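Everything below concerns the one structure shown next.
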Amino acid sequence: MTVAYLLGTAILLPILSGLFLLFFQGRLKNRGIKCTMIFLVMAVTVGLVVRLMLMEDCQFVLWKLTGTLDLLARVDNLTRLFAGMTVAAWTLGGIFAFEYMKHEENEDRYFGFYLIVMGVLIALDHAGNLITLYLFFEMMTLTSLPMVLHNLSHDAVMAGLKYLFYSIAGAFAALFGIFYLYAHGVGFFFQEGGVLQYLGASYHGGYEMTLFALMLMIAGFGTKAGMFPMHGWLPTAHPVAPAPASAVLSGIITKAGVLAIIRVVYYTVGADYIRGTWVQYTWMTLALITVFMGSMMAYKEQVLKKRLAYSTVSQVSYILFGLSVLNLEGLLGALSHFVFHSVVKNCLFLAAGAIIYKTGKTTVKELRGVGKEMPVTMWCFTLVSVTLVGIPPTSGFVSKWYLATGSLQSGMGVYTWIGPVILLLSAMLTAGYLLPVSIQAFFPGADYNYKELRKIEPGLLMIIPMLLFTAAAVLFGMFPGPFMNFLQSIAAGVL
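Quick note on numbering: the sequence shown equals residues 259 to 753 in my numbering.
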């Protein structure tokens, strides 16, 4: 079976299955059969992606748009990392949704778009040049929008419009940079270390104009990652979307912006091109502002899902900060935090969804004593919260160690120590907005009505995904060696 056939099937199978659900909504009356079909589609897609991950590195043309524009696909270690994380999180989120979506209307529509976005993300993860990346990036925005709009309330519609406008504005800013690079012979394919370093003197683009185009691309793609000042869509969209949609929006879709920035900086222009320039300092400044601001806003927020959304604003910019350091340690920290944050934030939003599903409680103050009623859910919430704070031996400690080390080794003057300081302040704020939730949940106090205590734990379809995410968050921290060796192979190839 060829690589092209495998990839094409992995992309089209969930997309066509999703379209089937959309066009034949309500035709499948037996919910059990329908959920089984959706699960089989996701399981087969996972198998196809795993098979792709075992193939040798390659790139090939998916489709010729014009005589000079090709949709190019690529298989390398970076695609393995992002595609593997995508299908794993998407499948577990889908399993969770089988039970959660029972209390939501328009279930077929939700699962239809859920499958379509899965296929689009697989295509995006395997994009082999800038135009392919851009097309699937925009398609991801359009197809994921209905998951934000799902309940069609006024708040959901306004949040969806905000998500759409911010995303398109960011993508259009990035498109200017793509136009400029293509006009000067760059962007037709990706190359470890950057295409520009191989062109050398043959590249005729203006230096300052190229830097401006790169900054637009970083800021534009950074919009999807929630980087200041284009972060506003994220805390608005997450609370109104169904909990499993919020989980993948935070854990996976925000990382599409991270993937795009990695492809631009490390595979198109090269880290050497922007190292020491105003672009690097501006990018690092915006990332650090976002880290601190997101933590502060999360600390103040009382609505649980919105608190987690502001947390995502902060934590994804940990990744952007690591990328902006432009050294090996920083890149290792960024890549590892991509995985660890995806695992943790998926679990946190699923736990929040389980609480909402079983109790209807949405604010932090209402969660007093919920750990007595839902102990498994709250233990998952607590363990991944400890991970996000960065307490050893959980995985969050590993990624933050590399991020701080990368900053201290960067030799960027005052930024050398400002980075670790802000990371530590953010970690303390993270402890301040997550751990009290668990403390109040498990230790509600002497005046709590223990006589009316009842166990209302959700079913296995909800519990199993949370347990798997929790186990991954802890085990990655306890046994990071093999995984970090894999990330080392990615980082060493581009620096």
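No residue lacks a Cβ here, since even glycine has one placed at the ideal position from N, Cα and C.
Owing to the predicted nature of the structure, the values given are computational and were not obtained by experimental measurement.
Query                                                                                                                                                        : Result
Taking 8 Å as the cut-off, decide whether the C-beta atoms of VAL549 and LEU681 are in contact.                                                              : yes
Should the region 708-722 be called in touch with the region 589-600, which here means at least 3 C-beta pairs below 8 Å?                                    : no
For LEU646, which residues in the same chain have their Cβ closer than 6 Å to its Cβ, ignoring the five residues on either side in sequence?                 : VAL602, GLY654 and THR688
Only counting runs of 3 or more residues, tell me where the beta strand (DSSP E) segments fall wholly within the region 327-382, in order along the chain.   : 328-333
Could you pull out every residue in the same chain whose Cβ sits closer than 6 Å to the Cβ of ILE340, ignoring the five residues on either side in sequence? : It should be noted that the sequence gives Phe, not Ile, for residue 340. Excluding sequence neighbours, PHE340 sits near ASP383 and LEU517.
Quick check: the region 271-286 against the region 322-339, are there 3 or more CB pairs under 8 Å?                                                          : no
How would you call ASP328, buried or exposed, if buried means at least 16 neighbouring beta carbons within 10 angstroms?                                     : buried
Is the region 417-436 touching the region 357-371, taking contact as three or more C-beta pairs under 8 Å?                                                   : no
Out of LEU745, THR535 and GLY370, point me to the one whose CA is closest to SER657's CA.                                                                    : LEU745
Any chance you could list the alpha helix (DSSP H) runs of at least 4 consecutive residues sitting entirely within the region 622-690, in chain order?       : 628-631, 633-647 and 653-666
Are PHE479 and GLY528 close, meaning C-beta to C-beta below 8 Å?                                                                                             : no
Terminal residues of the continuous alpha helix (DSSP H) containing GLN573?                                                                                  : 562-583
Which partner residues of GLN317 appear in the DSSP bridge assignment?                                                                                       : ARG332
For a quick check, are the C-beta atoms of ALA501 and ILE614 less than 8 Å apart?                                                                            : yes
Can you tell me whether DSSP reads ILE503 as helix, strand or coil?                                                                                          : The sequence given here has Ala at residue 503, not Ile. It is helical.
Where does PRO738 land, buried or exposed, given buried means 16+ other C-beta within 10 angstroms?                                                          : buried
To the nearest angstrom, how far is the alpha carbon of VAL679 from that of TRP659?                                                                          : 13 Å
Under a Cβ-count criterion, where at least 16 other Cβ atoms within 10 Å of its own Cβ denotes burial, should HIS489 be classed as buried or exposed?        : buried
Which one of PHE741, PHE434, LEU454 and LEU718 has the shortest CA to CA distance from THR635?                                                               : LEU718
Which residue wins for smallest C-alpha separation from PRO487, given the options PRO702, LEU546 and LEU433?                                                 : LEU546
Thinking C-beta only, is GLY751 closer than 8 Å to GLU450?                                                                                                   : yes
Rounded to a whole number of angstroms, what is the C-alpha to C-alpha distance between LEU584 and LYS513?                                                   : 18 Å
Could you check whether PHE639 and SER569 sit closer than 8 Å to each other, using their CB atoms as the reference points?                                   : no
Looking at LYS616: is its Cβ nearer than 8 Å to the Cβ of GLN560?                                                                                            : no
Which first and last residues belong to the alpha helix (DSSP H) in which SER594 is found?                                                                   : 586-617
Using 8 Å for Cβ pairs, my map puts LEU388 next to GLY458. What's the rounded Cβ distance?                                                                   : Between GLY458 and LEU388 the Cβ distance is about 20 Å, and since that is not below 8 Å, they are no contact.
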